[in-house]
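As structure tokens, the structure follows; a few thoughts come after it.
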Amino acid sequence: MFSFSRIPLAVALIAIAIALPLYLDLLPAGSEPPPGTQRSPDTDTFTDTDTDRMAARAAPLVFPALSRHTATVIFVHGLGDSGRGWADAVQLWQRKHRLDEVKFVLPNARVMPVTVVSSRFCAETPNQGYPMPAWFDIKSLGASPDKTLDETSRDTDEPGILESRAYLYALIQQEVSGGISSDRIVLGGFSQGGAVSLFSGLTAPFRLAGIVGLSCWLPLSHKLKESIPEASPNQETPIFMGHGDADQTVLYEWGAATEKRLKDLGYDVTLETYGGIQHSACMEEFDDVESFLVSRLPAKGSTQV
1 MFSFSRIPLA VALIAIAIAL PLYLDLLPAG SEPPPGTQRS PDTDTFTDTD TDRMAARAAP
61 LVFPALSRHT ATVIFVHGLG DSGRGWADAV QLWQRKHRLD EVKFVLPNAR VMPVTVVSSR
121 FCAETPNQGY PMPAWFDIKS LGASPDKTLD ETSRDTDEPG ILESRAYLYA LIQQEVSGGI
181 SSDRIVLGGF SQGGAVSLFS GLTAPFRLAG IVGLSCWLPL SHKLKESIPE ASPNQETPIF
241 MGHGDADQTV LYEWGAATEK RLKDLGYDVT LETYGGIQHS ACMEEFDDVE SFLVSRLPAK
301 GSTQV
């Protein structure tokens, strides 16, 4: 029986990859699943194809709606993780039956070289990067409260973010093609997945029901204004952010700076702070996310279209 208590910083990030203790020390929580998640070897992420391992991307993990499907949540995992890492959180929400009409889609990042790992621990190949599931390359940890959002953004893998955004848009389009209006879709994620979800949601050419960013920051913040469509369909879309104030991987200051930037731009954003929580989540945060989803995706009922 799992327990939704706080999870430690040191967890096994990649049971699916080559054992690399130093790698675990580098990214102790950036790829952590929700507390209590039972991790098992996730070979799907790495074996979609033997000949093109770096481009492999496993199909999303899908939890169908428990009743009539009227809404969808797409939730994006963090660095080194997989969609399966957030399965327990979805099952927790589904057991409460407050989101029975909601389908949950947990996409998987493709495997790519992550520069920061190689540059720290693989001196013989400092520029190649260590391969792991990632939504974009990370060139440095940059864990400094003195580093501004824009300074961080200028050292961000823009092509990788745009590629991941295109993939998330394709998933949203699949839902729309299946009869779900985009304003009945919430896009969100944790850590690196939360970062790409924030940027993708804010710059989307269609209106979403909501955006969720947990333990994350706004990437490409210096290009946000120019990336938003002229119609700005998500200017009034509610945004939920959650962040532990003891986070040393994605500093709480970055989350707070993201909230301030978005509020200054007129967005409806709420940042919930979780005392003592490191780069992880807690039961209170799961409850807050659930309440946000219920408010943004109210049930239509069996007789409504």
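Quick note on numbering: UniProt numbering labels position 56 of the sequence shown as 56, and the sequence is numbered without any gaps. All C-beta atoms in this analysis are idealised placements derived from N, C-alpha and C, irrespective of residue type, glycine included.
> Around the C-beta of Gln192, are 16 or more other C-beta atoms found within 10 angstroms, so that it is buried, or is it exposed?
Replying inline: Under a 10 Å Cβ-count criterion, Gln192 is classified as buried, with 16 or more other Cβ atoms of the shown protein chains found around its own Cβ.
> Just curious, the alpha helix (DSSP H) that Gly160 is in, first and last residue?
Replying inline: Annotation for Gly160: the continuous alpha helix (DSSP H) segment containing it runs Glu158 to Ser177.
>> Extract the residue ranges of the alpha helix (DSSP H) inside the segment 170 to 224, only unbroken runs of 4 or more that lie entirely within it.
In response: DSSP assignment within the segment 170 to 224 yields the following whole alpha helix (DSSP H) runs of 4 residues or more, N-terminal first: 192 to 202.
>> Starting from Tyr130, trace the beta strand (DSSP E) in both directions and tell me its first and last residue.
In response: Element bounds for Tyr130: Tyr130 to Pro133.
>> Taking the straight line between their C-alpha atoms, what separation do you get for Ile172 and Lys139?
In response: Between Ile172 and Lys139, the C-alpha separation is close to 29 Å.
>> For Leu271, list the residues DSSP reports as bridge partners.
In response: Per DSSP, Met241.
> Gly276: which of Ile185, Met132, Asp155 and Ala246 sits nearest, CA to CA?
Replying inline: The residue with the shortest Cα to Cα distance from Gly276 is Ala246.
>> Can you tell me whether Phe286 is helix, strand or coil according to DSSP?
In response: Here Phe286 sits in helix by DSSP.
>> Taking the straight line between their C-alpha atoms, what separation do you get for Arg154 and Val289?
In response: It is roughly 30 Å from the alpha-carbon of Arg154 to the alpha-carbon of Val289.
> Between Thr148 and the rest of its own chain, which residues show a CB-CB distance below 8 Å, the 5 nearest in sequence each way excluded?
Replying inline: Here Thr148 has Ala257 as same chain residues with Cβ atoms under 8 Å from its own Cβ, once five neighbours each way along the sequence are excluded.
>> Could you tell me the alpha carbon to alpha carbon distance between Arg261 and Gly213, rounded to whole angstroms?
In response: Using only the alpha carbons, I get a separation of about 14 Å.
> Whose CA, out of Val105, Leu106 and Phe136, lies closest to the CA of Val114?
Replying inline: Closest in alpha carbon position to Val114, among Val105, Leu106 and Phe136, is Phe136.
> Quick check: the segment 69 to 77 against the segment 183 to 202, are there 3 or more CB pairs under 8 Å?
Replying inline: In short, these stretches touch, since the Cβ pair count reaches three.
>> Would Cys216 and Gly255 qualify as a contact pair, given that the criterion is a beta-carbon distance under 8 Å?
In response: In this structure, Cys216 places its C-beta atom within 8 Å of the C-beta atom of Gly255.
> DSSP three-state call for Ala231: helix, strand or coil?
Replying inline: Correct three-state label for Ala231: coil.
>> Please report the straight-line C-alpha distance between Gly210 and Glu285, rounded to a whole angstrom.
In response: In a straight line, the C-alpha of Gly210 is about 16 Å away from that of Glu285.
> Under the three-state reduction of DSSP, which class applies to Phe63: helix, strand or coil?
Replying inline: Phe63: strand per DSSP, three-state reduction.
> Applying the criterion that 16 or more other CB atoms from any shown protein chain within 10 Å of the CB defines a buried residue, is Pro133 buried or exposed?
Replying inline: Its Cβ being crowded by 16 or more others within 10 Å, Pro133 is buried.
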